[in-house]
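Inspection log for the structure reproduced underneath, given as structure tokens.
Numbering (my numbering), first residue to last: 15 to 210.
Right, dumping it as structure tokens:
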């Protein structure tokens, strides 16, 4: 919520309040998160608070300063302000989180396509502590079999993943891409996969 001074206020402090009024929720969240970075953070959950490609860059920079992060949850469901640019920036930083054990990315109904998914999938391949993965891409209409293949490759290469939930419902992934993921499902019994 944005605080506003009373309309009757004529003091100089109202100028400072005007600056405060112009801050978006995502900027406020980023500035508060910078304060938290000085602590040893092991779990970080970030919900869809006006996140854009620009704020994804800010968040990614901060992730680089969290070497002890063990669990990350990023929920951008229905956020049309995030596309492959934001996903690529995020992916570039995820590979540095060597202590990460659980990752839940909900990019459902965003503008993320194959390029962004491929970058994220490639960044997760070397993370040998990663045990649990949630990758939700339902409603990503421009996501194709190329993105699904990248996720299947990730699941094959990173054998440390013990539990995974992958969703592609209502996306552009065809039977070919879905069969690649289903092939991993038969090889590794832990995998849960949802399509429609």
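Beta carbons are placed, not taken as given, at the ideal position from N, Cα and C, and that holds for glycine.
Thinking C-beta only, is residue 163 closer than 9 Å to residue 122? Taking the C-beta atoms as reference points, residue 163 is found no nearer than 9 Å to residue 122.
Exercise. Can you give the beta carbon distance from residue 114 to residue 137, rounded, assuming they're within the 8 Å contact cut?
Worked result: No, residue 114 and residue 137 are not in contact; Cβ-Cβ is about 10 Å, not under 8 Å.
ask   = Hey, would you say residue 80 sits closer than 9 Å to residue 111, going by beta carbons?
value = It is a contact, given that the beta carbons lie within the stated cut-off.
Opposite residue 148 in the DSSP bridges: which residues?
Listed as beta-bridge partners of residue 148 by DSSP are 118 and 179.
Can you say whether residue 120 is buried or exposed, counting buried as having 16 or more other CB atoms within 10 angstroms of its CB? Classification for residue 120: buried.
Buried or exposed: where does residue 141 fall if 16 or more other Cβ atoms within 10 Å of its Cβ makes it buried? Of the residues assessed, residue 141 falls on the buried side of the cut-off, its CB having 16 or more other CB atoms within 10 angstroms.
Q. Taking the runs of the alpha helix (DSSP H) that are 4 residues or longer, which of them lie wholly in the stretch 62–88?
A. For the stretch 62–88, whole alpha helix (DSSP H) runs of length 4 or above, ordered along the chain, are 67–78.
Please report the distance separating the alpha-carbon of residue 186 from that of residue 99. When rounded, the distance between both Cα atoms is 19 Å.
Between residue 193 and the rest of its own chain, which residues show a CB-CB distance below 7 Å, the 5 nearest in sequence each way excluded? Annotation for residue 193: no residue places its beta carbon closer than 7 Å to its own, counting only its chain and skipping 5 residues before and after.
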